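A.B. asks:
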Amino acid sequence: MKPTVFIHTNHKQMLGAIVSRHSLKKRSANPDAFDVRFIEVSDFPCMAAREGDLYLRDGDKRPWLNNDLQSFTPLRFAPPQLMGYQGRAVVMDPDIFAVGDINELLGRDMDGKAIVCRPKSGAKARKGAWASSVMLLDCAKLTHWEFEREFNEMFIPAQRDYMDWVSLKLEDPATIGLLEHCWNDFDHLDEHTKLLHNTKRKTQPWKTGLPIDYRPADTFQLFPPRHWLRRARRALFGDYKFAGRYAKHPDPAQEKFFFDLVRECLEDGVLTEDQLRDEIRQGHVREDALQLVGA
Numbered sequence: 036m037k038p039t040v041f042i043h044t045n046h047k048q049m050l051g052a053i054v055s056r057h058s059l060k061k062r063s064a065n066p067d068a069f070d071v072r073f074i075e076v077s078d079f080p081c082m083a084a085r086e087g088d089l090y091l092r093d094g095d096k097r098p099w100l101n102n103d104l105q106s107f108t109p110l111r112f113a114p115p116q117l118m119g120y121q122g123r124a125v126v127m128d129p130d131i132f133a134v135g136d137i138n139e140l141l142g143r144d145m146d147g148k149a150i151v152c153r154p155k156s157g158a159k160a161r162k163g164a165w166a167s168s169v170m171l172l173d174c175a176k177l178t179h180w181e182f183e184r185e186f187n188e189m190f191i192p193a194q195r196d197y198m199d200w201v202s203l204k205l206e207d208p209a210t211i212g213l214l215e216h217c218w219n220d221f222d223h224l225d226e227h228t229k230l231l232h233n234t235k236r237k238t239q240p241w242k243t244g245l246p247i248d249y250r251p252a253d254t255f256q257l258f259p260p261r262h263w264l265r266r267a268r269r270a271l272f273g274d275y276k277f278a279g280r281y282a283k284h285p286d287p288a289q290e291k292f293f294f295d296l297v298r299e300c301l302e303d304g305v306l307t308e309d310q311l312r313d314e315i316r317q318g319h320v321r322e323d324a325l326q327l328v329g330a
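Residue numbers (the numbering used here): 36 to 330.
This is the structure:
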């Protein structure tokens, strides 16, 4: 079985996934050495079956929403099972784009670890949280990952907390190896970047100006008060109404990088202009996307 890159996604982030797959193949010196597969929320009935059910997230109970922008995140734990617990896989978010050659990551020495990834940034890293948004996996060492069982364990009465799960706090720390930041570069692009991750949802370059369609994380802090105002807004008006709009990415180079990739997709026939127009019509991509690629 070839090493495989799994991009987990849903209908709202499908354009990102298509562009991500294109970048992986286009930026590799040997694109035939690996496969790229999408893992989609719509392919997992266990996720649809839990619509609206309460699950445990950072100690709080929240309803599971398949239509949320990032409902795909639990699928990070599906690849070992999909690989038959054999071989190597990289799993990554659909808002991550190759600048370097992914074969360098797929072929690296894992030093006997089951997982190689980078820590999260800031306070989350200091609390021992890992960024599972890009993971190199030795699938044979992850036979305890059973996606449907683990997904269902989040729901009340819960046996696992979503945040502990996706932060890899439920894994033996001795099985996790350290990945250089360049392989999961958080909204940072320079000559060292290998995988650019537009991780800040509010400034994803293809969403600028659109109404926000994700739920920001809640906290239990008294300050700042915006968290309590956010909860009150949701209670009165629902998850997304009056949530604001996506902002422009602060780095013009990253916006240009993304739309240059979209232009390549159109030129190579990976994406059609009709598909791009349809994504705009559905509100998944900013309204001026066609002008930005010169279509």
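We put the CB at the ideal spot given by N, CA and C, even for glycine.
Quick caveat, the model's predicted, so the values are computed rather than measured.
At a cut of 8 Å, does the region 183 to 198 reach the region 82 to 90 through at least three beta carbon pairs?
C.D. replies: As far as the Cβ criterion goes, the region 183 to 198 touches the region 82 to 90, which means the pair count is three or higher.
A.B. asks: Look at the alpha carbon of residue 92 and the alpha carbon of residue 302, and state the distance between them as a whole number of angstroms.
C.D. replies: 42 Å
A.B. asks: Please list the terminal residues of the continuous alpha helix (DSSP H) segment that includes residue 313.
C.D. replies: 308 to 316
A.B. asks: Classify residue 102 as buried or exposed, calling it buried when 16 or more other Cβ atoms lie within 10 Å of its own Cβ.
C.D. replies: Exposed, because fewer than 16 other Cβ atoms sit within 10 Å of the Cβ of residue 102.
A.B. asks: Count the C-beta pairs between the region 283 to 294 and the region 40 to 47 that are closer than 8 Å, then say yes if the count reaches three, no if not.
C.D. replies: no
A.B. asks: Quick check on the DSSP output: the beta strand (DSSP E) that includes residue 165 runs from which residue to which?
C.D. replies: 165 to 173
A.B. asks: Measure from the alpha carbon of residue 51 to the alpha carbon of each residue in 73, 63, 196, 68, then state which is nearest.
C.D. replies: Of 73, 63, 196, 68, the residue nearest in Cα terms is 73.
A.B. asks: Please identify the residue among 282, 80, 202, 320 whose C-alpha is closest to the C-alpha of residue 333.
C.D. replies: Here the chain has residues from 36 to 330 only, and residue 333 is not among them.
A.B. asks: Tell me the residue span of the beta strand (DSSP E) that contains residue 53.
C.D. replies: Premise fails: residue 53 lies in the alpha helix (DSSP H), 49 to 61, not in any beta strand (DSSP E).
A.B. asks: I'd like to confirm the pairing. Which residues does DSSP put opposite residue 90 in its beta bridges?
C.D. replies: 97, 190
A.B. asks: Measure the alpha-carbon distance for residue 174 versus residue 113 and round it to whole angstroms.
C.D. replies: 10 Å
A.B. asks: Can you pull the DSSP bridge partners for residue 122?
C.D. replies: BP columns for residue 122 are empty, so no partner.
A.B. asks: Do you know how far the Cα of residue 216 is from the Cα of residue 133?
C.D. replies: 14 Å
A.B. asks: Which residues does DSSP pair with residue 154 in a beta bridge?
C.D. replies: 165
A.B. asks: To which residues of the same chain is residue 283 closer than 6 Å at the C-beta, ignoring the five residues directly before and after it?
C.D. replies: Cβ neighbours of residue 283 beyond the five flanking positions: 243.
A.B. asks: Grouping DSSP H, G and I as helix and E and B as strand, with all else coil, what is residue 243?
C.D. replies: coil
A.B. asks: Assuming contact is defined by CB atoms lying nearer than 9 Å, are residue 155 and residue 210 in contact in what I supplied?
C.D. replies: no
A.B. asks: Is residue 36 buried or exposed, if buried means 16 or more other CB atoms sit within 10 Å of its CB?
C.D. replies: exposed
A.B. asks: Closest to residue 49 by C-alpha separation, out of 213, 304, 129, would be which residue?
C.D. replies: 129
A.B. asks: To the nearest angstrom, report how far apart residue 77 and residue 106 are at their CA atoms.
C.D. replies: Straight-line measurement puts the Cα of residue 106 at about 10 Å from the Cα of residue 77.
A.B. asks: If you count every other CB in all the chains shown that lies within 10 Å of the CB of residue 161, and 16 or more means buried, which is it?
C.D. replies: exposed
A.B. asks: From the DSSP output, which residues share a beta bridge with residue 183?
C.D. replies: Residue 183 is not bridged to any residue.
A.B. asks: Determine which residues share a DSSP beta bridge with residue 75 and list them.
C.D. replies: 44
A.B. asks: Mind checking residue 213: buried by the 16 CB within 10 Å criterion, or exposed?
C.D. replies: exposed
A.B. asks: Please state if the CB of residue 153 and the CB of residue 233 are separated by a distance shorter than 9 Å.
C.D. replies: no
A.B. asks: Take the Cβ of residue 45 as the centre, count every other Cβ of all protein chains shown within 10 Å, and call the residue buried at 16 or more, exposed below.
C.D. replies: buried
A.B. asks: Please go through the same chain and pick out, in chain order, the residues whose beta-carbon is closer than 6 Å to the beta-carbon of residue 110, but skip the five residues on each side of it.
C.D. replies: 43, 74
A.B. asks: On the three-state DSSP scale, how would you describe residue 400?
C.D. replies: Residue 400 is absent from the structure shown; the chain starts at 36 and stops at 330.
A.B. asks: Rounded to whole angstroms, what is the Cα-Cα separation between residue 104 and residue 84?
C.D. replies: 18 Å
A.B. asks: Using the three-state DSSP reduction, which class does residue 205 fall into: helix, strand or coil?
C.D. replies: coil
A.B. asks: Whole angstroms are fine: how far does the CA of residue 316 sit from the CA of residue 231?
C.D. replies: 27 Å
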